[in-house]
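All remarks here apply to the structure that follows.
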Amino acid sequence: MAGTMQRCNVLIAGVPGVGKTSLAGRVAERLGSAFPSVTPAFDHLDVGKIIAAEGLHDGVDEAYMSAVGALPQDTVHILNEDKVVDALEERLWGTAAAPSPGHKVVDFHTVDFFPERWFQVVVLLRCIETAVLFERLEHRGYPLPKVQENVQAEIMDVVANDVRDSYDESIILELPSVKPSDMDDNCEAIVEAVGRVLGVAPLPDPEG
Ligand code: DAT
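Residue numbering for the sequence shown is 31 to 238, as defined by my numbering.
Written out as structure tokens, the structure reads:
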């Protein structure tokens with residue numbers, strides 16, 4: 031299995047606060063223990079962080095920030111989809127001279143502008159216990175209108191509909207993210223799905 035070049039990227043989508051970033055980090059680590067001979071090892075790409083760090087936006091979204099009462103330190107940028115796609119393309123697939131099979135776990139809340147071909151496993155993370163989601167967003171320090179907007183988005187299936195419109199249903203895993211034990215179950219479900227794409231049986235979780 032050494033030196034495998036089977037293409038595989040995982041997308042983790044869901045509204046803010048649903049648990050994407052927490053899960054993506056754990057999944058990338060667990061994929062390493064599940065498939066130790068798969069190279070390159072799976073790695074987490076936090077798209078929000080990359081956008082902020084590399085300025086892949088068209089400035090501050092003042093109108094949105096004032097509409098939801100966002101604090102100055104909680105800057106919201108106007109997404110520049112072309113810049114994000116260009117920056118991620120190379121990270122996912124390398125260059126013509128040095129192509130990569132991907133092996134990235136990507137997390138972001140807006141998914142309809144990513145090329146469909148990028149992802150072989152798409153995770154739709156849900157927190158349908160809206161009181162739980164409300165508390166997480168409040169705890170994050172979001173102002174009330176922003177908390178309500180995101181909880182409403184979950185109730186109205188906003189990200190879910192984007193995911194279903196953008197990817198084939200055969201590659202979508204819809205998973206709950208309400209309680210801590212969901213994270214372990216979700217990790218293993220994703221590992222199984224990646225194993226099917228890679229054609230490799232996963233090793234058991236050494237910590238499981
Ligand atoms: P996101 O990246 O979707 O915005 P996050 O990973 O930052 O979300 O998680 C938001 C908060 O919720 C954070 O404090 C961790 C917690 N959390 C995430 N998944 C959870 C789960 N399954 N059970 C309990 N808490 C969870």
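The beta carbon of each residue, even a glycine, is placed where N, CA and C say it ideally should be.
Sequence-distant residues of its chain with Cβ nearer than 6 Å to residue 181 (five each side left out): Counting only Cβ-Cβ distances below 6 Å, and skipping sequence neighbours, we find 160, 163 and 164.
Does the separation of the CB atoms of residue 206 and residue 170 fall below 9 Å? Taking 9 Å as the Cβ cut-off, residue 206 and residue 170 do not qualify as a contacting pair.
As a quick exercise: from 94, 102, 107 and 77, pick the residue whose alpha carbon is nearest that of residue 87. Selected option, being the one with the closest Cα: 107.
Looking at the structure shown, is residue 34 part of a helix, part of a strand, or coil, going by DSSP? Interpretation of residue 34 is limited by its pLDDT of 46, a score under 50 that renders its predicted location unreliable; no figure is taken from the coordinates.
Rounded to whole angstroms, what is the Cα-Cα separation between residue 151 and residue 41? Here the C-alpha atom of residue 151 lies approximately 6 Å from the C-alpha atom of residue 41.
Throw me the rounded Cβ distance for the residue 69 and residue 90 pair, which I believe falls under 8 Å. Contact doesn't hold; Cβ gap of about 40 Å is too wide.
Less than 8 Å between C-beta atoms, sequence neighbours within five positions excluded: which residues of the same chain meet that for residue 34? Caution is warranted here: a pLDDT of 46 is assigned to residue 34, below 50, making its placement in the model unreliable, and no coordinate value can be reported.
On the CB-based measure, 16 or more other CB atoms within 10 Å of its CB, does residue 176 come out buried or exposed? Classification for residue 176: buried.
Under 9 Å between the Cβ atoms of residue 189 and residue 61? Going by C-beta atoms, residue 189 is not nearer than 9 Å to residue 61.
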